[in-house]
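In mature numbering (1 follows the signal peptide of the UniProt record, and there is no 0), the protein residues as written are -21 to -1, 1 to 593.
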């Protein structure tokens, strides 16, 4: 017999805004196309004139047309151009086509003119970055910058490298310098928008996407990132406009189909979402967000086996992705595979901070397997609404060996981080803080380094140090992981107002954050601002469905406080169905029933709650 699938939230994220066009801005794609045509005519009129040939090659690079650039470089060589000058340009054309091996072969095939050494190092840096060789990329970019210190596009690539290396501050500085060198550099402005999105939130990024698209209305990458950001803040019509413009520039790009699928899924049109995902023709199958959306869409359409396969693929890469685990558990359970459902849930329910939805599904699976005692334990945990701290740090290695390895290489994250975890697990907080401080001092532009210090300080109850570290991390990355840590540290230090301000700032920057919406709702409840609390909690409920008892209970409390029992009762009834053994929910339900004149039903519930509470 088919089982009813649990309601699942569609979780998707991406990046930014659509732009209007000024007519043919200098450096825009349309302007570059005009200049390309002019230079092609100039080359045809005088094949021996090399200056227009070189300018044409540079224009083709700006247009990201590696194939045409290769042809233009080879034509210039055939016309008698200096191979030592042209060699780095041909290597760049190969690199733009994704052929790093040919690029390196070309650079190694003969001498390079002294004035082109910076260009050669720049190409090498790009290839090393594409290959994931960050150390070699750093060396190459350093050489390139020494030779070409005022090339705006070079600084864009340096910013991309630093961002890939988790050096957020360095990436921000490089992007800012690229813009300082050329305020109309659309690529630099778009990269700045992406960095601002991470640091300051979605809305703050929009003006930078606007600037990037004012400089080049046909910057397809900026349009796609803009569309994703607009979708994340709920501006779906504007998102669609940006995607349609991008589709005229790069028709068939899989990112466009993916984002359109996100839009369709958010509108509960899963058939359309599936069709759009299929149109990517496998080009995004290895992207985690694509795998998760595919799993959710298939599950909603009744394709439990296919949904499970997508979730399993994602978990093979990200075993700690709990959203994927919940999807896999739901798919397996709906398909009658209780063992598979429990295997997917086990890493979640084994934690002290397991969510109620996972615990309740685990309880249901255990009951169906005849393990009544285990089922009751899960139900009791769900009923307690416990939101405990994460479990103790797991340290697999002998503490002495871990500490010795870190002492020998204190700036090696692979050795220092396990040692910090071991120090914290054994209560040696001062030592953990000292190790984390050294690592932070060597990596001040890396948000994770500040977070690590903040975590160690918080564990050791050094609240001032933890707050300072989390604030430094938030200056680099203003997302959930930094802001919620800061809010927690502020609250634990006795500053609930500061904690609330941090939460509200996160919600304003990142309206798609469910965590910020939840916490803002709890803050409003504490302040007895019932309408605000209802608005926050109802936005969460609309996105995740009626599956979180805390949200349902708080909505019931807020409506009851406003005197609207007719709206409070359905919320508490739903919460009671999810957790029939929760004494607090039973008492609130009893109060509301009695206020509506159903005294006997209320009394029965109150008696049951008292028995459970004994």
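Using N, Cα and C, we set each Cβ at its ideal position, and we do this for glycine too.
It should be emphasised that the depicted structure is a prediction, and the values quoted were computed from it without experimental measurement.
**Prompt:** Is the beta carbon of residue 516 sitting closer than 8 Å to the one on residue 534?
**Reply:** Cβ distance < 8 Å, so residue 516 and residue 534 count as in contact.
**Message:** Ignoring anything shorter than 3 residues, give me the beta strand (DSSP E) runs that lie fully in the stretch 229 to 280, in order along the chain.
**Reply:** none
**Request:** Indicate whether the contact test is met: 3 or more Cβ pairs, each with one atom in the stretch 467 to 483 and one in the stretch 168 to 177, closer than 8 Å.
**Result:** no
**Request:** Determine the contact status of residue 360 and residue 337, defining contact as a CB-CB distance below 8 Å.
**Result:** No, the Cβ-Cβ distance between residue 360 and residue 337 is not below 8 Å.
**Prompt:** Would you call the stretch 452 to 467 and the stretch 479 to 494 in contact, with 3 or more CB pairs under 8 Å?
**Reply:** In short, these stretches touch, since the Cβ pair count reaches three.
**Message:** Please tell me whether residue 448 and residue 432 are closer than 8 Å, where the distance is taken between their beta carbons.
**Reply:** In contact: residue 448 and residue 432 (Cβ atoms closer than 8 Å).
**Prompt:** From residue 352 to residue 343, what does the alpha carbon distance come to, in whole angstroms?
**Reply:** 12 Å
**Buried or exposed (CB count within 10 angstroms, at least 16 for buried), residue 74** = buried
**Prompt:** Taking C-beta to C-beta, are residue 82 and residue 100 nearer than 8 Å?
**Reply:** no
**Message:** Quick check on the burial criterion: 16 or more other C-beta atoms within 10 angstroms. Buried or exposed for residue -21?
**Reply:** Note that residue -21 has pLDDT 40, beneath the 50 cutoff, so the model's placement of it is unreliable and no number is given.
**Item:** Where residue 311 falls: helix, strand or coil (DSSP)
**Value:** helix
**Proximity winner among 570, 148, 78, relative to residue 428 (alpha-carbon distances)** = 148
**Backbone secondary structure at residue 127 - three-state DSSP** = coil
**Message:** Less than 6 Å between C-beta atoms, sequence neighbours within five positions excluded: which residues of the same chain meet that for residue 509?
**Reply:** 537, 540, 541
**Request:** Go to residue 95, then tell me how far its alpha helix (DSSP H) extends in each direction, as first and last residue.
**Result:** Counting along the chain, residue 95 falls outside any alpha helix (DSSP H), and DSSP gives it neither H nor E.
**Asked** If we ignore side chains and look at the alpha-carbon of each, how far apart do residue 399 and residue 412 end up?
**Response** 8 Å
**Message:** Within a Cβ cutoff of 6 Å, which residues of the same chain sit near residue 466, ignoring the five residues on either side of it in sequence?
**Reply:** 478, 481, 482
**Request:** Kindly indicate which residue of 324, 227, 323 has the alpha-carbon position closest to the one of residue 203.
**Result:** 227
**Item:** Under the three-state DSSP convention, the category residue 581 falls into
**Value:** If DSSP states are grouped into helix, strand and coil, residue 581 belongs with the helices.
**Request:** Go ahead and label residue 561 buried or exposed: buried means 16 or more other beta carbons lie within 10 angstroms of its beta carbon, across all protein chains shown.
**Result:** buried
**Prompt:** If you draw a straight line from the alpha carbon of residue 213 to that of residue 205, how long is it in whole angstroms?
**Reply:** Rounded to the nearest angstrom, the two C-alpha atoms are 12 Å apart.
**Message:** Report the start-end ranges of each alpha helix (DSSP H) in the stretch 323 to 349 that is 4 residues or longer and not cut off at the edges.
**Reply:** Segments of the alpha helix (DSSP H) lying fully in the stretch 323 to 349: 335 to 347.
**Prompt:** Does DSSP classify residue -12 as helix, strand or coil?
**Reply:** With a pLDDT of 31 at residue -12, under the threshold of 50, the modelled position of this residue cannot be trusted; read the value that follows with caution. Residue -12: coil per DSSP, three-state reduction.
**Asked** Cα separation between residue 445 and residue 488?
**Response** 22 Å
**Prompt:** Should residue 125 be labelled buried (16 or more other beta-carbon atoms within 10 Å of its own) or exposed?
**Reply:** exposed
**Request:** Assuming residue 120 and residue 104 form a contact by the criterion Cβ under 8 Å, report the distance between their Cβ atoms to the nearest whole angstrom.
**Result:** Contact between residue 120 and residue 104 holds: their C-beta atoms lie close to 4 Å from each other, under 8 Å.
**Asked** So residue 310 and residue 272 are in contact, right, with Cβ under 8 Å, and what is the actual spacing, rounded?
**Response** No, residue 310 and residue 272 are not in contact; Cβ-Cβ is about 14 Å, not under 8 Å.
**Minimum Cβ-Cβ distance from residue 115 to chain C less than 8 Å** = Chain labels in this structure do not include chain C; a single protein chain is all it has.
**Message:** With H, G and I counted as helix, E and B as strand and the rest as coil, what does DSSP make of residue 197?
**Reply:** Taken through DSSP and simplified to helix, strand or coil, residue 197 comes out as coil.
**Message:** Residues in the same chain with beta-carbon distance under 6 Å from residue 335, minus the five sequence neighbours each way, listed in chain order, please.
**Reply:** 361, 528
**Message:** Quick check on the burial criterion: 16 or more other C-beta atoms within 10 angstroms. Buried or exposed for residue 165?
**Reply:** buried
**Prompt:** Where does residue 354 sit, in a helix, a strand or coil, going by DSSP?
**Reply:** helix
**Item:** Same chain only: Cβ atoms within 6 Å of residue 289, ignoring 5 sequence neighbours per side
**Value:** Taken in chain order, the residues that qualify are 270, 273, 274.
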